[in-house]
Amino acid sequence: MRIFNKKKEKAESEGDAFDYIEDRVSRYENEQLSPPLKRSYILARGFWITGAILNVIGVSLMIFATLITLNKNFNVELNLVRVDGGQVTESFDLRRKVMIRNTIEQVRLKQEIKAKKRSKSE
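Numbering (the working numbering), first residue to last: 3 to 124.
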């Protein structure tokens, strides 16, 4: 009986050795096939940093281009043509300014005439 038990113990130890080898092989395969989490986190952080830097560069280029465009437009002399055919070379028109001044004077004179008529009627 004792011999049988020794064989059984030997058989169990051989099975354990096989399981141990199989576990080591499967652990090795898992380590080789799946990247470690730390490496994944480092890669993801690198992509986020790269994206942020590219965003900052892109926004600064857009602002720079907008400022250049606005600067060019501010330095250009306006050449506008009015409805009556008069050409406006500046941002304001002298004739328009004179017309507005004359209209204001006419309104003021009409109000003075109405005020004189009221004072005479009273």
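We put the beta carbon where it would ideally sit given N, CA and C, even for glycine.
Since the structure is predicted, the reported quantities are computational estimates derived from the model, not experimental observations.
Query                                                                                                                                                                                             : Result
What number of angstroms, rounded off, separates the C-alpha of Asn77 from the C-alpha of Ile59?                                                                                                  : 27 angstroms
Identify, in the order they occur along the chain, each residue of the same chain with its Cβ nearer than 8 angstroms to the Cβ of Met3, setting aside the five sequence neighbours on each side. : Only weak support exists for where Met3 lies, its pLDDT of 44 falling under 50; the value from the coordinates is given anyway. Counting only Cβ-Cβ distances below 8 angstroms, and skipping sequence neighbours, we find nothing.
For Asp21, does the three-state DSSP call read helix, strand or coil?                                                                                                                             : helix
Cα separation between Ile106 and Ser123?                                                                                                                                                          : 26 angstroms
Can you find the residues in the same chain that come closer than 8 angstroms, C-beta to C-beta, to Asp21, ignoring five residues on each side of it along the sequence?                          : none
Check Ser62 in the structure and name its three-state DSSP category.                                                                                                                              : helix
Where Lys116 and Lys99 are concerned, what is the direct C-alpha to C-alpha distance, given to the nearest angstrom?                                                                              : 26 angstroms
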